[in-house]
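Student:
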Amino acid sequence: VVPGPNGKLVLVQPTSGEIMAFNAACPHRQVIVAAPKDGTITCPGHGSQFDGATGALKRGPAKTGLTSVAVKVDGANVVLA
Numbered sequence: 088v089v090p091g092p093n094g095k096l097v098l099v100q101p102t103s104g105e106i107m108a109f110n111a112a113c114p115h116r117q118v119i120v121a122a123p124k125d126g127t128i129t130c131p132g133h134g135s136q137f138d139g140a141t142g143a144l145k146r147g148p149a150k151t152g153l154t155s156v157a158v159k160v161d162g163a164n165v166v167l168a
């Protein structure tokens, strides 16, 4: 979980060379989610779980997945696309 221009972001690397980012605010109550563990991103507020590679909802009470944020690799940095 890292700072972003409009709040915190969760950065994940689903495959080698691929970086994805999601808004770190859980869509249920806007609690900041924890860093991915064992392929799952979990909200400490009420236990919603999201797929660590896609941000898709795995378990509620959230009704939707995490919002993706477009990023790209620029040298050694990850920047907004």
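In our numbering, the protein residues as written are 88 to 168. Don't be surprised by glycine CBs; every beta carbon is placed ideally from N, CA and C. Only a predicted model underlies this, so the values are computations on that prediction, with no experimental measurement involved.
Does the distance from the C-beta atom of residue 85 to that of residue 129 stay below 7 Å?
Tutor: Outside the displayed span of the chain (88 to 168) sits residue 85, for which this structure offers no information.
Student: Within 10 Å of its beta-carbon, does residue 160 have 16 or more other beta-carbons around it, so buried, or fewer, so exposed?
Tutor: On the sequence shown, position 73 is the one that residue 160 refers to. So residue 160 ends up on the exposed side.
Student: List, from N- to C-terminal side, the beta strand (DSSP E) runs of 3 residues or more that fit wholly inside the stretch 105-155.
Tutor: Entirely contained in the stretch 105-155, the beta strand (DSSP E) runs reaching 3 residues are, in chain order, 107-110, 127-129, 136-138, 144-146.
Student: My understanding is that residue 168 touches residue 157, with C-beta atoms under 8 Å, so please give their C-beta distance in whole angstroms.
Tutor: Translated into the one-based positions of the sequence shown, residue 168 becomes position 81. Translated into the one-based positions of the sequence shown, residue 157 becomes position 70. About 4 Å; that satisfies the 8 Å criterion.
Student: What is the residue span of the beta strand (DSSP E) that residue 94 lies within?
Tutor: Numbered from its first residue, the sequence shown carries residue 94 at position 7. Counting along the chain, the beta strand (DSSP E) containing residue 94 begins and ends at 94-99.
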